[in-house]
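The structure under discussion appears below in the form of structure tokens.
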Amino acid sequence: MLYNDFLRPLLFRWDPETAHGAAISALAALQCLPGGPQLLSAVVGRPPQGLEIKAFGLEFPNPIGLAAGFDKDCLLPKILPALGFGFLELGSVTLRPQPGNPKPRLFRLPLEHALINHMGFNNAGAAAAARRLGEIPRRAVPVGLNIGLNADCPKTKAPEEYAASLRLLHAQGDYFVVNVSCPNMTGLRDLQERLQLQRILTALNLINAPRKPILVKIAPDLSDAQLPELLGLVSSHADGIIAANTTTSRLGLSPDLGDIQGGLSGRPLRGVSTALIRKIYRLTEGRLPIIGTGGVETGGDAFEKIRAGASLVQIYTGLIYRGPTAAVRILRELGALLAKAGFKSVAAAVGSGAFDDAASGGDS
Ligand SMILES: Cc1cc2nc3c(=O)[nH]c(=O)nc-3n(C[C@H](O)[C@H](O)[C@H](O)COP(=O)(O)O)c2cc1C
1 MLYNDFLRPL
11 LFRWDPETAH
21 GAAISALAAL
31 QCLPGGPQLL
41 SAVVGRPPQG
51 LEIKAFGLEF
61 PNPIGLAAGF
71 DKDCLLPKIL
81 PALGFGFLEL
91 GSVTLRPQPG
101 NPKPRLFRLP
111 LEHALINHMG
121 FNNAGAAAAA
131 RRLGEIPRRA
141 VPVGLNIGLN
151 ADCPKTKAPE
161 EYAASLRLLH
171 AQGDYFVVNV
181 SCPNMTGLRD
191 LQERLQLQRI
201 LTALNLINAP
211 RKPILVKIAP
221 DLSDAQLPEL
231 LGLVSSHADG
241 IIAANTTTSR
251 LGLSPDLGDI
261 QGGLSGRPLR
271 GVSTALIRKI
281 YRLTEGRLPI
291 IGTGGVETGG
301 DAFEKIRAGA
311 SLVQIYTGLI
321 YRGPTAAVRI
331 LRELGALLAK
341 AGFKSVAAAV
351 GSGAFDDAAS
361 GGDS
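Numbering follows this note's numbering, in which position 331 of the sequence shown is assigned residue number 331; successive positions increment by one, without gaps.
Printed below as a string of structure tokens:
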């Protein structure tokens with residue numbers, strides 16, 4: 001395989017953030033080229049048909065999306081669909097620009113097919129994101145915009161600041177995500193507490209006109225006691241949930257990795273996030289749309305998350321380890337698995353394994 005044998009070893013010689021910057025620059029150059037997206041799509045291959053799905057009032061050509069954090073500055077909405085994605089989530093974007101945490105802040109764990117990141121919402125701010133997105137108004141797939149909070153924002157002002165970002169970005173997104181789960185921003189995850197989150201969602205709903213779907217992205221580290229209350233609030237004040245962000249736990253990784261600060265993503269997160277999706281689906285009786293993310297690398301991983309209750313699935317770390325053809329290959333594998341299991345559509349498979357007792361242990 002070209003990526004596994006040549007490109008990945010080359011990219012992995014560079015420090016992870018430099019390699020990421022190079023990938024973004026290459027994609028940005030291709031995006032500017034007349035016919036660039038078509039060229040990339042021809043090289044990567046076309047995603048299979050027949051995997052369309054509707055969720056929170058939007059129509060998606062397929063259920064595999066790009067997770068937040070890859071394109072934090074919303075630079076690439078025209079070229080990224082050429083990688084086969086059925087939707088994109090861009091950001092996290094904060095109200096004001098900010099540099100993020102000191103480098104190094106992104107680490108590869110190649111044996112584990114994982115990453116640890118401590119980026120800290122480095123981005124050019126909501127006004128710049130809105131301007132860039134406004135320059136590319138026609139998009140091939142739905143685009144979600146993920147909103148975070150500046151490091152210097154007192155948590156009491158969180159509702160105003162999320163709302164101010166939404167106001168700037170509203171015309172440019174098809175759905176919006178309230179990120180209250182990034183582990184790299186001190187105190188941000190406290191905003192998952194019921195009253196705090198209620199204030200934020202109320203502020204957003206007040207200015208969400210014309211109405212667009214708002215989702216809440218949660219941490220995989222919530223306790224079983226916190227979950228029912230949180231889900232009640234999200235069900236009444238938002239349109240869906242994303243499970244999950246990166247984890248602060250080290251999930252049995254070698255103890256010498258314990259010193260690396262940040263959120264862990266990729267293969268070690270897979271079972272934890274799938275178990276969380278299953279719990280959410282069970283607790284909400286399938287009524288709350290779920291985007292599942294965490295450790296998806298293969299069609300089998302995506303199928304597990306869909307069977308656990310996710311209507312849509314996102315990848316980030318899997319893209320780094322499997323390369324630019326990741327989404328198309330996942331979709332082909334997923335299509336084959338759905339057909340083999342006798343499902344006529346993606347929607348028919350959503351939640352089909354959520355109540356399997358064998359699956360309830362969470363180790364998927
Ligand atoms: C380098 C990096 C940066 C990320 N930045 C963000 C972010 O800005 N906002 C966000 O909601 N999630 C962010 N994430 C989390 C991902 O969107 C995703 O929830 C998580 O990585 C689990 O999926 P994965 O295992 O497929 O990577 C980031 C992840 C990584 C690896």
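Quick reminder that beta carbons are idealized off the backbone N, C-alpha and C, glycines included.
Rounded C-alpha distance that separates residue i from residue j
i, j, result
"P16", "A82", "23 Å"
"K78", "D71", "12 Å"
"S254", "R270", "17 Å"
"A26", "I218", "32 Å"
"F355", "T293", "20 Å"
"E160", "L206", "11 Å"
"T94", "R282", "33 Å"
"E89", "D256", "33 Å"
"I280", "S273", "11 Å"
"D224", "L195", "18 Å"
"A19", "T247", "23 Å"
"A171", "E135", "12 Å"
"K103", "K157", "28 Å"
"L11", "D221", "31 Å"
"P47", "R278", "27 Å"
"E193", "L30", "43 Å"
"L133", "F60", "19 Å"
Residue environment, residue i, which counts as buried when at least 16 other CB atoms sit within 10 Å
i, result
"P9", "exposed"
"F6", "exposed"
"N381", "Only positions 1 to 364 of the chain appear in this structure, which leaves residue 381 out of reach."
"D363", "Note that D363 scores 40 on pLDDT, short of 50, meaning its location in the model is unreliable and no value can be drawn from it."
"K344", "exposed"
"S165", "buried"
"C74", "buried"
"R138", "exposed"
"V38", "According to the sequence displayed, residue 38 carries Gln and not Val. Exposed, since its Cβ has fewer than 16 Cβ neighbours within 10 Å."
"E304", "buried"
Beta-bridge pairing of residue i - partner residues as DSSP gives them
i, result
"Q98", "N123"
"T317", "In the DSSP output, where bridge partners are listed per residue, T317 has none listed."
"E297", "Answer is none; E297 lacks a bridge partner."
"R108", "L115"
"F355", "DSSP output for F355 lists no bridge partner at all."
"L88", "L66 and V143"
"Y175", "G144"
Residue i, enclosing beta strand (DSSP E) - first and last residue
i, result
"K212", "Neither: K212 is in no beta strand (DSSP E) and is coded neither H nor E."
"K54", "I53 to A55"
"E59", "L58 to F60"
Minimum Cβ-Cβ distance from residue i to chain C less than 8 Å
i, result
"T247", "Note that chain C does not occur in the displayed structure, where there is just one protein chain."
Start-to-end residues for the alpha helix (DSSP H) that takes in residue i
i, result
"G266", "No alpha helix (DSSP H) contains G266, which is instead part of the beta strand (DSSP E) from G263 to G266."
"L233", "L227 to H237"
"Y162", "A158 to L169"
| message | Taking contact to mean 3 or more Cβ pairs, one atom from each stretch, closer than 8 Å, check whether the segment 261-278 and the segment 108-128 are in contact. | response | yes
| Cβ contact (3+ pairs, closer than 8 Å) linking the segment 307-320 and the segment 61-68 | yes
| Are the segment 36-51 and the segment 323-338 touching by the rule of at least three beta carbon pairs closer than 8 Å? | yes
| Inter-stretch contact at 8 Å, needing at least 3 Cβ pairs: the segment 224-240 / the segment 189-203 | yes
| query | With contact counted as at least three CB pairs below 8 Å, one residue from each stretch, are the segment 329-339 and the segment 293-305 in contact? | reply | yes
| query | Is there contact between the segment 217-232 and the segment 170-183, where contact requires at least three CB pairs shorter than 8 Å? | reply | yes
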